[in-house]
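Chemist: Residue numbers (this note's numbering), protein chains in the order written: chain Z, 275 to 599; chain D, 275 to 599.
Cβ coordinates follow ideal geometry from the N, Cα and C atoms, glycine included.
Here it is as structure tokens:
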């Protein structure tokens with residue numbers, strides 16, 4: 275192996291695509307960020323472009339070329355059936371035959387927090403998914419079928435309920451909620467409720483705004499919901515409680531030995547701090563060895579170094595404090 | 275007015291766009307059908323193309339030109355803020371200054387079944403919406419905010435729940451249901467449950483199929499749900515009951531004097547025949563003067579003839595039997 279050989283880790287998520295370049299000893303050299311890289315969420319073309327942007331930028335920052343990559347792992351929440359691995363390695367300019375692996379983001383996140391080859395993981399981010407891990411691979415996956423078919427309790431799931439609650443208040447079929455002013459402010463819409471064709475004017479604006487962007491972008495409203503629930507809004511609290519019930523179904527479905535690694539933006543920013551006493555999710559977590567995930571990008575780097583037979587303890591130390599047990 | 279002047283009625287729906295050309299006495303001359311014409315569902319460009327196709331075909335069939343149109347009404351479920359009326363009349367080749375009106379499809383459907391200037395209407399089709407009518411116009415509209423923000427109890431709403439129930443059975447988080455074989459057959463997918471990356475193979479195929487088309491196309495699964503519910507499937511029956519609860523909210527929100535005109539494909543093909551005794555929707559309909567809607571295209575023609583001050587009784591008689599009271 276060339277002494278200039280580098281290891282490439284990519285985390286292609288529903289919100290951003292991040293690339294990390296390390297030397298073959300696990301020392302981080304450079305990072306870069308690009309747009310959403312989940313083909314299920316934004317389409318194959320946009321996802322490929324984001325991957326390319328992030329990888330090129332990180333390699334340029336490290337002063338290396340794609341031909342110098344000796345091992346690469348791309349972690350993604352999206353379906354890997356939409357693009358072949360061969361196409362992807364060509365797209366990224368990697369040399370043919372270089373160890374390359376695409377892994378579910380859940381596996382990368384799992385290995386960011388534990389070395390155990392058996393356990394389980396749960397992500398609640400833009401989407402939601404859980405899995406049992408055995409022999410270092412995913413044995414059984416539940417959820418993770420995207421915003422339309424599944425992803426119960428995810429950021430999109432919460433955001434969709436939030437915007438529906440706002441629309442229902444505006445047309446008079448739902449209860450008043452502090453989500454309404456908060457969402458309108460977040461979307462930059464003036465709260466003009468004068469009637470237009472039988473509806474409050476702002477409801478038409480909300481409709482146009484919501485359909486003018488990719489549906490999955492509604493996940494941005496999840497933090498608004500957690501804030502409103504924390505401040506005592508009953509509608510928002512109902513959405514948060516229902517989201518936790520959805521996540522409890524996933525947690526129960528991956529019961530078994532070993533740690534349960536939990537992570538994702540929705541988990542960290544909202545669910546973790548608002549577990550309802552007596553709620554289904556708190557019950558599902560009871561007695562489990564719950565470990566907060568570190569960064570899935572770190573887990574992807576761990577897997578890329580493992581493919582070279584490299585120890586990864588040094589990487590963990592270099593990347594920051596270890597995952598909190 | 276030229277004796278060759280014709281009246282144009284268009285119904286631009288989420289599934290098809292239909293055009294009807296009549297002479298100025300209300301005698302139907304020709305009809306034509308094109309693809310979905312709801313800009314919220316399929317985008318402005320596709321919706322405009324469908325309108326153009328349907329209108330051109332109907333005029334050609336009638337042996338008339340767009341310049342001979344003396345009054346036109348376009349009924350649509352979509353937001354009319356996406357395209358200006360001026361753009362639309364130009365797009366359709368109508369002469370400047372010809373009486374032209376865009377109306378919500380709900381108003382057209384209302385006037386297909388009653389001459390009362392005051393009452394209420396409910397559509398449960400690909401989407402769902404209800405309104406109070408006063409002075410011949412929509413006074414207050416509830417629902418109708420599209421598949422993402424509202425449309426509770428609609429064909430899409432049902433189809434989404436159906437496909438989520440199938441995904442949940444396939445990954446083991448939901449109950450077994452006869453919806454699964456029915457939906458897989460409807461979508462042309464083989465029921466191959468051998469594992470692939472921790473999931474049944476067919477679940478990956480279902481994900482790819484669902485995200486490979488416009489989300490609103492899931493409305494096609496509503497009839498599958500009604501059939502399964504009718505045959506005693508508990509999961510399907512739960513979806514139908516929940517849909518009726520959603521529609522009951524709309525019906526209650528438009529309470530008041532005058533008839534309640536009800537229609538839409540989901541209403542006709544499923545809801546009407548499966549009203550649960552003691553259910554919220556049956557309760558909401560009790561004591562109302564419920565009238566099944568005739569064709570919204572007919573209502574659009576009624577409104578186009580009204581704009582010329584023409585009586586419309588002849589049109590109703592010519593178009594078929596009157597709406598059943």
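Which residues mark the beginning and the end of the beta strand (DSSP E) in which residue 498 (chain D) is found?
Modeler: Along the second chain, read from residue 1 onward, the residue named residue 498 (chain D) stands at position 224. That residue, residue 498 (chain D), is in no beta strand (DSSP E); its alpha helix (DSSP H) goes 496-504.
Chemist: Please list the residues of the stretch 481-498 of chain Z that have a C-beta atom closer than 8 Å to any C-beta atom in chain D, keeping them in chain order.
Modeler: So the close ones are 481, 482, 484, 485, 489 and 492.
Chemist: Cα-Cα, which of D:468, D:427 and D:304 is closest to residue 571 (chain D)?
Modeler: For the purposes of this step, residue 571 (chain D) is identified with residue 297 of the second chain, where counting begins at 1. Residue D:304 is the option with its Cα nearest to residue 571 (chain D).
Chemist: Would you kindly work out how many angstroms separate the C-alpha atoms of residue 409 (chain Z) and residue 459 (chain D), rounded to a whole number?
Modeler: Locating residue 409 (chain Z) in the first chain gives position 135, where the first residue counts as 1. Locating residue 459 (chain D) in the second chain gives position 185, where the first residue counts as 1. Taking the straight line from one Cα to the other gives about 36 Å.
Chemist: Looking at chain Z, which residues of the stretch 438-466 of chain D have a Cβ within less than 8 Å of any of its Cβ atoms?
Modeler: Taking 8 Å as the Cβ-Cβ cut-off against chain Z, the residues of the stretch 438-466 of chain D that qualify are 438, 441, 442, 445, 446 and 447.
Chemist: DSSP state of residue 596 (chain D), grouped into three classes?
Modeler: The sequence position of residue 596 (chain D) within the second chain is 322, counting from 1. Any answer about residue 596 (chain D) is weak, because its pLDDT of 39 lies below 50 and its placement is not dependable; what the coordinates show is given next. Three-state DSSP puts residue 596 (chain D) in coil, outside helix and strand.
Chemist: For residue 599 (chain D) and residue 534 (chain D), what's the separation of their Cα atoms in angstroms?
Modeler: Numbered from its first residue, the second chain carries residue 599 (chain D) at position 325. Numbered from its first residue, the second chain carries residue 534 (chain D) at position 260. Confidence is the limiting factor: at residue 599 (chain D) the pLDDT is only 32, short of 50, which leaves the residue's position unreliable, though a coordinate-based value still follows. If I take the Cα positions, the gap works out to 11 Å.
Chemist: Excluding sequence positions up to five away, which residues of its chain have a Cβ less than 7 Å from the Cβ of residue 569 (chain Z)?
Modeler: Translated into positions along the first chain, residue 569 (chain Z) becomes position 295. Cβ within range, chain order: 386.
Chemist: So who's on the other strand from residue 374 (chain Z), going by DSSP bridges?
Modeler: Residue 374 (chain Z) sits at position 100 when you count from the first residue of the first chain. The partner list for residue 374 (chain Z) (beta bridge, DSSP) reads Z:346.
Chemist: One question on the structure: do residue 510 (chain D) and residue 453 (chain D) come within less than 9 Å of each other, judged by their Cβ atoms?
Modeler: For the purposes of this step, residue 510 (chain D) is identified with residue 236 of the second chain, where counting begins at 1. For the purposes of this step, residue 453 (chain D) is identified with residue 179 of the second chain, where counting begins at 1. Against a cut-off of 9 Å, the Cβ pair of residue 453 (chain D) and residue 510 (chain D) comes out as a contact.
Chemist: If the cut is a Cβ gap below 9 Å, which residues of chain D does residue 555 (chain Z) touch?
Modeler: On the first chain, position 281 is the one that residue 555 (chain Z) refers to. Within 9 Å Cβ-Cβ: nothing; residue 555 (chain Z) doesn't reach chain D, min ~14 Å.
Chemist: Looking only at its chain, what residues have a beta carbon closer than 6 Å to the beta carbon of residue 341 (chain Z), apart from the 5 residues adjacent to it on each side?
Modeler: If you number the first chain from 1, residue 341 (chain Z) lands on position 67. Contacts found: 369.
Chemist: Answer yes or no: does any C-beta atom of chain Z fall closer than 9 Å to that of residue 405 (chain D)?
Modeler: Taking the first residue of the second chain as position 1, residue 405 (chain D) is located at position 131. With 9 Å as the cut-off, residue 405 (chain D) counts as an interface residue toward chain Z.
Chemist: With DSSP run on the structure shown, which of helix, strand or coil describes residue 454 (chain Z)?
Modeler: To locate residue 454 (chain Z), count along the first chain from 1; it is residue 180. In this structure, residue 454 (chain Z) counts as helix in the three-state DSSP scheme.
Chemist: Any idea what DSSP makes of residue 308 (chain D), helix, strand or coil?
Modeler: On the second chain, residue 308 (chain D) is found 34 positions in, with the first residue counted as 1. Strand, per DSSP.
Chemist: Can you tell me which residues form a DSSP beta bridge with residue 291 (chain D)?
Modeler: Taking the first residue of the second chain as position 1, residue 291 (chain D) is located at position 17. Residue 291 (chain D) pairs with D:286 and D:308.
Chemist: Do you know offhand how far residue 490 (chain D)'s Cα is from residue 399 (chain D)'s?
Modeler: Counting from 1 along the second chain, the entry for residue 490 (chain D) is found at position 216. Counting from 1 along the second chain, the entry for residue 399 (chain D) is found at position 125. About 11 Å.
Chemist: Pick from D:420, D:363 and D:309: whose alpha carbon is nearest that of residue 372 (chain D)?
Modeler: Residue mapping note: residue 372 (chain D) aligns to position 98 of the second chain, counting from 1. Checking every option, the nearest Cα to that of residue 372 (chain D) belongs to D:363.
Chemist: Which runs of the alpha helix (DSSP H) fall wholly inside the stretch 386-456 of chain Z and span at least 4 residues, in chain order?
Modeler: Qualifying alpha helix (DSSP H) stretches, in chain order: 420-423 and 429-445.
Chemist: Verify the CB distance criterion: does residue 508 (chain Z) have a CB-CB separation below 9 Å to chain D?
Modeler: Indexing the first chain from 1 puts residue 508 (chain Z) at position 234. Not one chain D Cβ lies under 9 Å of residue 508 (chain Z).
Chemist: Would residue 420 (chain Z) count as contacting chain D if we go by Cβ distances under 9 Å?
Modeler: As a first step, residue 420 (chain Z) is located in the first chain; it is residue number 146 there, counting from the start. Yes - at least one Cβ of chain D is within 9 Å of the one on residue 420 (chain Z).
Chemist: Would a C-beta distance cut-off of 9 Å place residue 415 (chain D) and residue 472 (chain Z) closer than the cut-off?
Modeler: One-based indexing of the second chain puts residue 415 (chain D) at position 141. One-based indexing of the first chain puts residue 472 (chain Z) at position 198. Against a cut-off of 9 Å, the Cβ pair of residue 472 (chain Z) and residue 415 (chain D) comes out as a contact.
Chemist: Opposite residue 566 (chain D) in the DSSP bridges: which residues?
Modeler: As a working note, residue 566 (chain D) is residue 292 in the second chain. Per DSSP, D:536.
Chemist: Tell me whether residue 395 (chain Z) is buried or exposed, calling it buried when 16 or more other Cβ atoms sit within 10 Å of its Cβ.
Modeler: To locate residue 395 (chain Z), count along the first chain from 1; it is residue 121. So residue 395 (chain Z) ends up on the buried side.
Chemist: Using beta-carbon positions only, say whether residue 467 (chain D) and residue 476 (chain D) come within less than 9 Å of one another.
Modeler: As a first step, residue 467 (chain D) must be located in the second chain, where it is residue number 193. As a first step, residue 476 (chain D) must be located in the second chain, where it is residue number 202. Taking 9 Å as the Cβ cut-off, residue 467 (chain D) and residue 476 (chain D) qualify as a contacting pair.
Chemist: Is there at least one non-hydrogen atom of the ligand NAP closer than 8 Å to the beta-carbon of residue 418 (chain D)?
Modeler: As for the ligand NAP, it is missing from this structure, which has no ligand bound.
Chemist: Mapping the DSSP letters down to three states, classify residue 519 (chain Z) as helix, strand or coil.
Modeler: For the purposes of this step, residue 519 (chain Z) is taken as residue 245 along the first chain, with counting starting at 1. Here residue 519 (chain Z) sits in helix by DSSP.
Chemist: Since residue 429 (chain D) contacts residue 496 (chain D) with CB under 8 Å, what's their CB separation in whole angstroms?
Modeler: Translated into positions along the second chain, residue 429 (chain D) becomes position 155. Translated into positions along the second chain, residue 496 (chain D) becomes position 222. The pair is a contact, with the Cβ atoms about 4 Å apart (cut-off 8 Å).
Chemist: Looking only at C-alpha atoms, which of Z:322, Z:583 and Z:286 sits nearest to residue 349 (chain Z)?
Modeler: Here residue 349 (chain Z) corresponds to residue number 75 of the first chain, with the count starting at 1. Residue Z:286 is the option with its Cα nearest to residue 349 (chain Z).
Chemist: Does the beta-carbon of residue 522 (chain Z) have 16 or more other beta-carbons within 10 angstroms, so that it is buried, or is it exposed?
Modeler: Walking along the first chain from the start, residue 522 (chain Z) turns up at place 248. Flag for residue 522 (chain Z) reads buried.
Chemist: Excluding sequence positions up to five away, which residues of its chain have a Cβ less than 7 Å from the Cβ of residue 289 (chain Z)?
Modeler: If you number the first chain from 1, residue 289 (chain Z) lands on position 15. Closer than 7 Å at Cβ, skipping near neighbours: 310 and 400.
Chemist: Can residue 366 (chain D) and residue 307 (chain D) be called in contact, C-beta distance under 9 Å?
Modeler: Residue numbering aside, residue 366 (chain D) sits at position 92 when the second chain is read from its first letter. Residue numbering aside, residue 307 (chain D) sits at position 33 when the second chain is read from its first letter. Against a cut-off of 9 Å, the Cβ pair of residue 307 (chain D) and residue 366 (chain D) comes out as no contact.
Chemist: Return the CA-CA distance between residue 291 (chain D) and residue 339 (chain Z), expressed in angstroms with no decimal places.
Modeler: Counting from 1 along the second chain, the entry for residue 291 (chain D) is found at position 17. Counting from 1 along the first chain, the entry for residue 339 (chain Z) is found at position 65. For residue 291 (chain D) and residue 339 (chain Z), the distance between alpha carbons rounds to 54 Å.
Chemist: Comparing the C-beta of residue 423 (chain D) with each C-beta of chain Z, is any distance below 9 Å?
Modeler: For the purposes of this step, residue 423 (chain D) is identified with residue 149 of the second chain, where counting begins at 1. With 9 Å as the cut-off, residue 423 (chain D) counts as an interface residue toward chain Z.
Chemist: Answer with yes or no whether the minimum CB distance from residue 314 (chain Z) to chain D is below 9 Å.
Modeler: Against the first chain, residue 314 (chain Z) aligns to sequence position 40. It does; some Cβ of chain D falls within 9 Å.
Chemist: Alpha carbon to alpha carbon, how far is residue 519 (chain Z) from residue 552 (chain Z)? Give it in angstroms, no decimals.
Modeler: Along the first chain, one-based indexing puts residue 552 (chain Z) at 278. Along the first chain, one-based indexing puts residue 519 (chain Z) at 245. C-alpha separation (whole angstroms): 11 Å.
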